[in-house]
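In what follows, a structure is listed as structure tokens, so that the remarks can point back to it.
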Amino acid sequence: MALELSRRHFIKTAAVAGIATAICSRRQIFADEPDAAEQSMVPLPHIPAGGLIRPPGALPEKAFLATCISCGVCVNVCHVMKYDAVATSPFGKGGLRGIFEYGAPYIKDMRDFPCGLCMECPEHCPTGALQETKKEDVAMGMALIDFGLCFGWNGDVCLSCSKACPMGGKIFEFYNGEWGNQPYINDNCVGCGLCVKYCPLGGSAIKVVTKRQYELSRTAYINDFRRLLAMSSEERYNIVYGQNLPGIMERGKLIEREYR
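Under our numbering, think of the first position of the sequence shown as 141, with each following residue one higher.
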């Protein structure tokens, strides 16, 4: 009898895996990066997001997935609060790993629907998958600026990201120079994504990655930052006018800039 149950379990598991393979394309299963067309509009395309960005107060990923029951309460609360930032993960999103994350909440689109940090979803989570925490202690992810796209790093004066940030001066540092008021987001970032939305560059010059991905990319990212600050005026001129500004213009018309 036990053997028969084991066989049934195996067949059922194999069938589910087969259906998943049929539904998800090879690209979706073995990679969770956007295709080439999507990638062209993503800031810092060489740095992956590292996974889905969870709502504020989420437990560490494994514990979160084990505790979350995909009830959708956080989604409903977010909708009632008029943010509409939280969605439940569709089947197959995020590649093979995403098959096992089906129904778990995540921040669906920081470009248009960032987290407002109202902190209502942890309060209403019935299982504790989302823990109540102070705004400044939230660790959803880390926002990274693409220095090749940011106006402040390419001769302009822009304060949109820092004005949109609910933490303000605790998060943003500015390195003023002949090439602009160059912004930098420090490690205190909570990953809400409000800066992503209000960046006036078409497609945004900022992306949010998971904290784990940031740890993997941090050294190289900081080295790029320091290298730019140490460049001579001639080197920066060649980069800004020879590479960056043409690339910025190719991204199309700039969106509203009232948050400067």
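For each residue, glycine too, the CB sits at the ideal point set by N, CA and C. Every value quoted in this text rests on a predicted model; they were computed, and no experiment measured them.
Paired residues, beta bridge with residue i - DSSP
i, result
"N328", "N328 is not bridged to any residue."
"V348", "A283"
"Y377", "For Y377, which the question treats as bridged, DSSP gives no partner whatsoever."
"L270", "A198"
"G253", "What sits at residue 253 in the sequence shown is Phe, not Gly. Beta-bridge pairing links F253 to D249."
For residue i, three-class secondary structure by DSSP
i, result
"G320", "strand"
"P245", "strand"
"A370", "helix"
"T228", "strand"
"I388", "helix"
"Y315", "strand"
"R147", "Interpretation of R147 is limited by its pLDDT of 48, a score under 50 that renders its predicted location unreliable; the figure taken from the coordinates is listed afterwards. Helix at R147."
"D296", "coil"
"K337", "helix"
"C362", "Sequence inspection shows Ile at residue 362; the Cys mentioned does not correspond to that position. Note: I362 maps to helix in three-state DSSP."
"S357", "helix"
"L289", "coil"
"G342", "coil"
"G382", "helix"
"M181", "coil"
"G308", "helix"
"L192", "coil"
Element boundaries [beta strand (DSSP E), containing residue i]
i, result
"I285", "282-285"
Classification of residue i by the beta-carbon crowding that lies within 10 angstroms, buried from 16 upward
i, result
"S286", "First, the residue type needs correcting, since residue 286 is Asp and not Ser in the sequence shown. By the neighbour-count rule (16 or more Cβ atoms within 10 Å), D286 is buried."
"V226", "buried"
"Y354", "buried"
"I247", "buried"
"P200", "exposed"
"P183", "buried"
"P386", "exposed"
"E390", "exposed"
"R358", "exposed"
"K337", "buried"
"G288", "buried"
"N363", "exposed"
"Q322", "buried"
"N384", "buried"
Residue interval of the alpha helix (DSSP H) (run including residue i)
i, result
"H186", "Where H186 is concerned, there is no enclosing alpha helix (DSSP H), given that its DSSP letter is neither H nor E."
"S302", "300-304"
"E260", "260-264"
"V215", "213-220"
Proximity to residue i [Cα-Cα], best of the options
i, options, result
"Y315", "R366, K347, R358, E272", "R366"
"S325", "I346, E276, F204", "For the record, residue 325 in the displayed sequence is Ile; it is not Ser. Comparing Cα positions, the closest option is I346."
"A279", "P323, V297, I193", "I193"
"C214", "K202, G268, G191", "G268"
"A244", "L356, K275, A198, D224", "A198"
"K303", "D249, F253, K274, G333", "G333"
"E276", "N328, K202, N216, C298", "N328"
"F253", "N378, I379, C335", "C335"
"G309", "E318, T228, L299", "L299"
"S344", "T228, C208, C301, K274", "C301"
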